[in-house]
Amino acid sequence: MARTPEKPSIWTDGKRPWDVENSQESLSQNQGAMLEKPISFYRFTQDQLAQYLQGLGKEKFRAQQLYRWVYDQGITDFEQMSNLSKDFRAGLKDQFNFELPEVVTHLKSEDKTEKILFKLYDGNTVEAVIIPSKERLTLCISSEVGCNMACTFCYTGKQKLKRRLFTDEIVGQFVKTEQLIAPQKITNIVFMGMGEPLDNPEAVFKTVEILHNPFGRNFSRKKVTISTSGLVPEMWRIMASHTLLAVSLNGYNDQSRSEIMPINKKYPLATLLHECQKYIQWSKEKVTFEYVLLKGVTDQVEHARQLYHLTKTISCKINIIPFNEHPGSDYQRPSLEQIERFQNELIKLGAHVLLRKTMGRDIYAACGQLTSAAALNKNL
Ligand code: SAH
Ligand code: SF4
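All you need for this note's numbering is the position in the sequence shown, starting with 1, plus 4.
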């Protein structure tokens, strides 16, 4: 008899992936009334918008109409929303704004990767990277300014968390980027920019919901990958949101992982990999394990063997990322030969392994090279 998979708690407590206690973004009718107006439209899921409009005495279905105009048609001027009455249109102006993060720099790499530096309302900056490939146009977005996870090899981790982004600031990275690259469209989103997405679940999963809305941008949730350093208690949200899971493994056993990723001391490999198995059982998708190759630290053939044994019973892809150097880093990138030796060992053992092509190194857009320009005091 088939074994019944263990049910993640989401199916028992009915929480939605973006329901977070001590929410930083209360938008219900009552609380909304206390917020400074106008509020960013990009902060509302359709349900929240409907509820908010009801509070203003409007019909629920108006939320769907607004979603169509804004996310499907790209129209943010209420005057052009011809199926809304004149009075209603006039009233909306006081309620909502459509401000987007400001583009400070937009750099293009020789390999066609593009990096956009965004300035937020309070002067903080975050980065997004556009990565073109044969059939895809992937947008790598940020979820936080800085990061508290303190992984020793990561540039973003060098800055402590300054603050979590609001939903409109994450949705805004996407909307603004599509405006810049029009008529091209983003086909995939990866939460692999600055910050730990599961440390900011409300804004991250509301963003997924907003962009997925079929009346709006209708972006497939299966084209969204959430990369986490392993915040195990929050991983159920990835299952509940029907997105894809990537885990930054980076170590071949507990000791090696704990040395470079402090979070491993709190949620060691057994716990993390168990949660990955739950994800696989429920989603029927593979997990992507990211593995950064640090010269002399994680790049030995023996490490490849241990990595294989660690992951061999898990339905996964292993994504090898050669270390990208950054100012002040204590690590080095392995030689090409060593990278190949590592990769070949995994292939020989039968792992599904991909070597991530390093993109955008010349403009500091590669994995782990992102940081707030303000912190660096230069506009890279
Ligand atoms: N916080 C999330 C997502 C952002 S980091 C996470 O850790 O998964 C995205 C990826 O970049 C992670 O897999 C991380 O291991 C990798 N990375 C960080 N610094 C790097 C560097 N200097 N060189 C190569 N990859 C790096
Ligand atoms: Fe944070 Fe990810 Fe960098 Fe670790 S690798 S410090 S979790 S952004």
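Even glycine gets a Cβ: it sits at the ideal position worked out from N, Cα and C.
If you reduce the DSSP assignment to three classes, tell me which class residue i lands in.
i, result
"I433", "This structure does not reach residue 433, given that the chain is present from 5 up to 384, and the question cannot be answered."
"Y335", "coil"
"I325", "strand"
"K123", "strand"
"I351", "helix"
"L359", "strand"
"H330", "coil"
"F170", "coil"
"I318", "coil"
"K97", "helix"
"K90", "helix"
"E106", "strand"
"E118", "strand"
"E40", "coil"
"V291", "strand"
"F82", "helix"
"K180", "helix"
"L111", "strand"
"I343", "helix"
"V305", "helix"
"L60", "coil"
"V175", "helix"
"L298", "coil"
"F195", "strand"
"Q55", "helix"
"F45", "helix"
"V24", "coil"
Drop a sphere of 10 angstroms on the beta-carbon of residue i, count the other beta-carbons inside from all chains shown, and report buried for 16 or more, exposed for fewer.
i, result
"T16", "Legend: pLDDT at T16 = 48, less than 50; position of this residue unreliable, value from coordinates given subsequently. That one is exposed."
"K210", "buried"
"K119", "buried"
"L273", "buried"
"I340", "It should be pointed out that residue 340 corresponds to Leu in this sequence rather than to Ile. So L340 ends up on the exposed side."
"L184", "exposed"
"G18", "exposed"
"L358", "exposed"
"N268", "buried"
"R140", "exposed"
"N204", "buried"
"T317", "exposed"
"A132", "buried"
"Q259", "exposed"
"E206", "buried"
"H313", "exposed"
"V305", "exposed"
"D303", "buried"
"W328", "The identity of residue 328 in the sequence shown is Asn, whereas the question assumes Trp. So N328 counts as buried."
"D172", "buried"
"P201", "buried"
My understanding is that residue i touches residue j, with C-beta atoms under 8 angstroms, so please give their C-beta distance in whole angstroms.
i, j, result
"C155", "S233", "6 angstroms"
"H356", "I322", "7 angstroms"
"V291", "C280", "5 angstroms"
"L124", "P105", "6 angstroms"
"E83", "S44", "Their Cβ separation, rounded to whole angstroms, is 19 angstroms, which puts E83 and S44 out of contact at 8 angstroms."
"L253", "E294", "6 angstroms"
"G199", "S245", "In fact, because the Cβ distance is near 17 angstroms, the residues do not count as touching under 8 angstroms."
"L353", "R309", "7 angstroms"
"L88", "A67", "Not a contact, Cβ separation roughly 12 angstroms."
"G220", "Y71", "4 angstroms"
"Y75", "N217", "7 angstroms"
"V236", "Y271", "4 angstroms"
"R93", "N128", "So it is not a contact: roughly 33 angstroms between Cβ atoms."
- request: Counting only runs of 4+ residues fully inside the segment 203 to 289, write out the alpha helix (DSSP H) ranges in chain order.
  value: 205 to 216, 240 to 244, 258 to 264, 267 to 270, 273 to 287
- request: Please write down, chain order preserved, every residue whose beta carbon lies under 7 angstroms from a heavy atom of ligand 2.
  value: C151, M153, A154, C155, C158, T160, G161, M198, G199, E200, S233, S252, M265, G372
query: At what residue ranges does the segment 126 to 164 contain a whole run of the alpha helix (DSSP H), taking only runs of 4 or more?
result: For the segment 126 to 164, whole alpha helix (DSSP H) runs of length 4 or above, ordered along the chain, are 159 to 162.
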